[in-house]
């Protein structure tokens, strides 16, 4: 069986029955499968976002909702836990870890080389110029270019003939 083509410019042309059936099947399935499904928004049990429920975004409505939320979240007497002042005082006191640290340090068998410890101490002594100790060069014994005879000769010439009379 042949059916006339409904396309523009399709005058005198015919469609096969199988093509027409496939087209009708697709046409009938389309509304059921591909129709957009309207999803309903879930309303939370607690109503956490009430602006969506009201459907307004106005400043006044938001302020009122925030004020109500703050009132609801305000701490109450029944939620308050009493704390002992003595416990709080002891909790805030600094604890002394000296004994534990000494036991740990003395308990180790590993000893570092003295050169390594000197290097660490030198690095941590201080970085400012006023903190650094100046290493003074060792004073060499003063040696004179002139001998004792030269000094006696100078004295005789300068003071005259009296060498030991001064």
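Numbering (this note's numbering), first residue to last: 84 to 249.
For every residue, glycine included, the Cβ atom is placed at its ideal position computed from N, Cα and C.
Just so we're clear, the structure is a prediction, and the values are computed from it rather than from any experiment.
So what does DSSP say about residue i, is it helix, strand or coil?
i, result
"residue 99", "strand"
"residue 203", "helix"
"residue 222", "coil"
"residue 209", "coil"
"residue 160", "helix"
"residue 141", "coil"
"residue 109", "helix"
"residue 216", "coil"
"residue 227", "coil"
"residue 115", "Because residue 115 sits at a pLDDT of 48, beneath the cut-off of 50, its placement in the model cannot be relied upon, and the following sentence gives the value as read from the coordinates. Residue 115: helix per DSSP, three-state reduction."
Apart from the five residues just before and just after residue i, which ones in its own chain have a Cβ nearer than 8 Å to its Cβ?
i, result
"residue 83", "Past the edges of the chain, shown from 84 to 249, lies residue 83, and the structure says nothing about it."
"residue 195", "none"
"residue 236", "none"
Looking only at its own chain, which residues have a Cβ that is under 6 Å from the Cβ of residue i, when we skip the five neighbours before and after it?
i, result
"residue 175", "none"
Taking the alpha helix (DSSP H) that residue i belongs to, which residues open and close that run?
i, result
"residue 172", "168–175"
"residue 185", "181–190"
"residue 240", "231–242"
Closer than 7 Å by C-beta to residue i: which residues in its own chain qualify, once you throw out the five before and the five after it? Chain order, please.
i, result
"residue 206", "none"
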